[in-house]
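Q: Chains W and E, in that order, give the protein sequences.
Under my numbering, think of the first position of the first sequence as 1, with each following residue one higher.
Under my numbering, think of the first position of the second sequence as 278, with each following residue one higher.
Even for Gly, the Cβ is constructed at its ideal location relative to N, Cα and C.
Please read these numbers as outputs of a predicted model, since none were measured by experiment.
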Amino acid sequence: MKNMVEITVENLFFKYPDAEKYALKNINFTIKEGESIAILGENGAGKTTLAKNLNGLLKPTKGSVKIDGVDTRNLSVAKIARKIGFVCHNPDHQFFAETVEEEIKFGLKNFGFTENEIEKSLLDVLKTFGLEEYRHKSPFQLSGGEKKRLAIASIIVWRPELLILDEPTIGMDYAQRLNIQNVLKNLVSEGKSIIVITHDVDFAVSLCRRAIVLSGGEIVGDGCLRKLLSNPEVIEKASLRKPFLIELEEEIGFSVIDEDFDSISESLIRVFDKCHS
Amino acid sequence: MNAVDFRNVSFRYAGSEKEALANINLKIEEGESVLITGPSGCGKSTIAKIIMGLIPHSYTGEFSGEAYVFGMNILENPVSNIATKCGIVFQNPENQLFTFSVEDDVAFGPENLALPPEEIRKRVDESLKLVGIEHLRYSSPNSLSGGEQQKAAIASILSMYPSLIVFDEPTSMLDPSSSINLIQSIFRLKEELEKKGGRLTLIIIEHRIGLLLDHVSRIIVISDGRIVLDGEPLSVLYESFKKKIPINIPPILQIYFRIKDRCGLEKPPKNLKELFSYLREASSEKHG
Chain W
1 MKNMVEITVE
11 NLFFKYPDAE
21 KYALKNINFT
31 IKEGESIAIL
41 GENGAGKTTL
51 AKNLNGLLKP
61 TKGSVKIDGV
71 DTRNLSVAKI
81 ARKIGFVCHN
91 PDHQFFAETV
101 EEEIKFGLKN
111 FGFTENEIEK
121 SLLDVLKTFG
131 LEEYRHKSPF
141 QLSGGEKKRL
151 AIASIIVWRP
161 ELLILDEPTI
171 GMDYAQRLNI
181 QNVLKNLVSE
191 GKSIIVITHD
201 VDFAVSLCRR
211 AIVLSGGEIV
221 GDGCLRKLLS
231 NPEVIEKASL
241 RKPFLIELEE
251 EIGFSVIDED
261 FDSISESLIR
271 VFDKCHS
Chain E
278 MNAVDFRNVS
288 FRYAGSEKEA
298 LANINLKIEE
308 GESVLITGPS
318 GCGKSTIAKI
328 IMGLIPHSYT
338 GEFSGEAYVF
348 GMNILENPVS
358 NIATKCGIVF
368 QNPENQLFTF
378 SVEDDVAFGP
388 ENLALPPEEI
398 RKRVDESLKL
408 VGIEHLRYSS
418 PNSLSGGEQQ
428 KAAIASILSM
438 YPSLIVFDEP
448 TSMLDPSSSI
458 NLIQSIFRLK
468 EELEKKGGRL
478 TLIIIEHRIG
488 LLLDHVSRII
498 VISDGRIVLD
508 GEPLSVLYES
518 FKKKIPINIP
528 PILQIYFRIK
538 DRCGLEKPPK
548 NLKELFSYLR
558 EASSEKHG
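#1: Please name the residues in the stretch 283-295 of chain E whose beta-carbon is closer than 7 Å to at least one beta-carbon of chain W, in chain order.
#2: Taking the CB atoms as reference points, tell me whether W/Leu150 and W/Pro139 lie closer together than 8 Å.
#3: Quick one: which residues of the stretch 212-245 of chain W get their C-beta closer than 7 Å to a C-beta of chain E? List them in chain order.
#4: Rounded to the nearest angstrom, what separates W/His93 and W/Val87 at their Cα positions?
#5: Rounded to the nearest angstrom, how far is the Cβ of W/Gly145 from that of W/Gln181, given a contact under 8 Å?
#6: Would you mind working out which of E/Arg539, E/Pro453, E/Leu514, E/Glu483 sits nearest W/Ala238, comparing C-alpha positions?
#7: At 8 Å on the CB atoms, spell out the chain W contacts of E/Ile271, in chain order.
#8: In this structure, does DSSP put E/Glu339 in helix, strand or coil?
#9: On the CB-based measure, 16 or more other CB atoms within 10 Å of its CB, does W/Asp18 come out buried or exposed?
#10: Run through DSSP, which three-state label would E/Pro523 get?
#11: To test your reading of the DSSP string, which unbroken beta strand (DSSP E) runs of 3 or more residues are found completely within the stretch 157-183 of chain W?
#12: Over the uninterrupted alpha helix (DSSP H) stretch that includes E/Ile434, give me the two end residues.
#13: Answer yes or no: do E/Ala344 and E/Ile351 have a C-beta to C-beta separation smaller than 8 Å?
#14: Just the chain E side, please: which residues come within less than 8 Å of W/Val201 by C-beta, in chain order?
#15: Taking 8 Å as the threshold (C-beta atoms), are E/Val408 and E/Ile442 in contact?
#16: E/Arg485 to W/Val70, Cα distance in whole Å?
#17: Quick check: the Cα distance between W/Asp222 and W/Arg209, rounded to an integer number of angstroms?
#18: Looking at C-alpha atoms only, which residue of E/Gln531, E/Gln426, E/Gly338 is the closest neighbour of E/Asn372?
#19: Give the C-beta separation of E/Thr478 and E/Ser433 to the nearest angstrom, bearing in mind that I take them to be a contact with Cβ-Cβ under 8 Å.
#20: Of the choices E/Ser293, E/Ala391, E/Asn302, whose alpha-carbon is the least far from that of E/Glu339?
#21: Rounded to the nearest angstrom, what separates E/Lys566 and E/Glu380 at their Cα positions?
#22: Return the CA-CA distance between W/Val65 and W/Ile219, expressed in angstroms with no decimal places.
#23: Which residue wins for smallest C-alpha separation from E/Lys550, given the options W/Ser76, W/Glu249, W/Val9?
#24: Tell me whether the beta-carbon of E/Lys362 lies closer than 8 Å to the beta-carbon of E/Val346.
#25: Name the DSSP beta bridge partners of E/Leu303, please?
#26: Do W/Ile212 and W/Phe14 have their C-beta atoms within less than 8 Å of each other?
#27: Using only the alpha-carbon positions, how far apart do W/Lys242 and W/Asp200 sit?
#28: Sorted by chain position, which residues of the same chain lie with C-beta nearer than 7 Å to E/Val401's C-beta, five sequence neighbours on each side aside?
#29: Using alpha carbons as the reference points, say which of E/Gly342, E/Glu469, E/Gly423, E/Glu309 lies closest to E/Ser456.
#30: List the endpoints of the continuous beta strand (DSSP E) containing W/Cys224.
#31: Rounded to whole angstroms, what is the Cα-Cα separation between W/Leu207 and E/Glu353?
#32: Hey, how far is the Cα of E/Leu506 from the Cα of E/Pro393?
#33: Taking DSSP as the reference, what is the three-state secondary structure of E/Asn354?
#34: Count the other CB atoms within 10 Å of the CB of W/His136; is the residue buried (16 or more) or exposed (fewer)?
#35: For W/Gly34 versus W/Val188, is the C-beta spacing smaller than 8 Å?
#36: Is there at least one Cβ from chain E nearer than 8 Å to W/Glu251's Cβ?
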């Protein structure tokens, strides 16, 4: 397989065994390299089910999902995983190794990285995710937020071409959210793709250009994230909320999307220039 | 009466060099609504486990100090005693659902109190209704989405008619409007109970402070196993801002704290519209 990934979803329908209703209906879209996509939608809309169809954990009931032109039905989950990393929402489901170090090394070993590469990558992600002091601890001894960071670290470490993250910001404080945001932004600037399933619209707006909005198992919006999240109808339909930064921009009439609170505050003071002392 | 009373409580998990909590003194009165927040790994969930008696009874480690919950010394009372007064909704709700139907999970607690069947049925009905998942009554917890599981876990606590509920990130899996609805129904429940003369103490562990700001009367900030701030919500958030403690201060307050002195703003805005109208007022007063 070549060094990037393209996914084509065609007329995808998915039903869980024993379920009466389809969890996903008539889904169509394409993902190209270097994309940053948020999958948004209300609880039970089918977001996680869709993600699991993209990495072959689930296979379509009807229609198809193709990774670089090959139907996921003809690919093994392991083979897909090398290219498409998946961080699930509950880290407890993902961990099995005895130490944080082993957890992180597992993927690398399986994908045949050399000892040197493994050691270097391990140290890198431990540092990036602030996990150095837990290196020899059991993953299950970590707090909720630390587990979440380890879950992301142990996938990102083998640098998949596409990274899918299910609710990555849960349990994270402000500094860690910013950190994850930057790590993911860097991946995108290197040409990797990311898909973030999230309810955290403020996080999504600072990270993703495109949104796929689901409601009741169907796509109700696919396109520019900022446009979709400015659209009251889409917001209502998918139980979302307008991100703070978009609201702010609508009030002041210029873009503040990549600015931090210090510079936003300065801009505001300039707008109301008469009020500075 | 104090719902929670910690005196010099410290705890170190077995196999860890560092204390998860160091010398915590904490009193929470019956009927209070308290938000506990702080950087992840700071000890928030450890406090919750002590209140429930899970520490020291089910976790190995080194516990010192004294902890009382409704006057019960947690060292002298088994978890089952404490569970008659206190309920907890865990971070990962699927970890606390274990039967084959939502109904059975919600009935499990009351059944263990050996209540009569009509009473159990009544409580199950009420609890499912309060969190809005009556339609999932016969579903298997495994088939539910993350958010639905969270609601099922909450219903299974409500059916115990607890005096204190600890929520460990109750909205982590919920979409924005379900989060708001859930928080509102938690506080509505508290109000209803109080109208009938009952008391309910709420301890909520959350990173999403903005959701709770209008509801709680007190915020406690934990950092590195210690209580670093404790008091009235707005002043606690302002102190956190000044000390650069990395908690999720709502965006509107992030801006307010930065400009309030320079622009002469007297009270915090609830939303952007209010912020802008305050700014206009302040500027016209100055030049008016």
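A: So, to answer that:
#1: Tyr290, Gly292, Ser293
#2: By the CB criterion at 8 Å, W/Leu150 and W/Pro139 fall inside the cutoff.
#3: Ser239, Leu240, Arg241, Phe244
#4: 10 Å
#5: About 15 Å separates the CB atoms of W/Gly145 and W/Gln181; that is not less than 8 Å, and the two are not in contact.
#6: E/Pro453
#7: Past the boundaries of the shown model lies residue 271 of chain E; chain E is included only from 278 to 565, so the question cannot be answered.
#8: strand
#9: exposed
#10: coil
#11: For the stretch 157-183 of chain W, the continuous beta strand (DSSP E) assignments of 3+ residues that do not extend past its boundaries occur at 162-166, in sequence order.
#12: From DSSP, the alpha helix (DSSP H) with E/Ile434 extends over 423-435.
#13: yes
#14: Pro453
#15: no
#16: 42 Å
#17: 11 Å
#18: Measuring C-alpha to C-alpha distances from E/Asn372 to each of E/Gln531, E/Gln426, E/Gly338 identifies E/Gln426 as the nearest.
#19: At roughly 19 Å, the Cβ-Cβ gap does not stay under 8 Å, so E/Thr478 and E/Ser433 are not in contact.
#20: E/Ser293
#21: Summary: the structure shown does not reach residue 566 of chain E, with chain E confined to residues 278 through 565, and so no result is reported for it.
#22: Rounded to whole angstroms, the separation of the alpha carbons of W/Ile219 and W/Val65 is 16 Å.
#23: W/Glu249
#24: yes
#25: E/Phe283
#26: no
#27: 10 Å
#28: Glu380, Val383, Ala384, Ser436
#29: E/Gly423
#30: Unbroken beta strand (DSSP E) run through W/Cys224: 218-224.
#31: 51 Å
#32: 45 Å
#33: Coil.
#34: exposed
#35: yes
#36: yes
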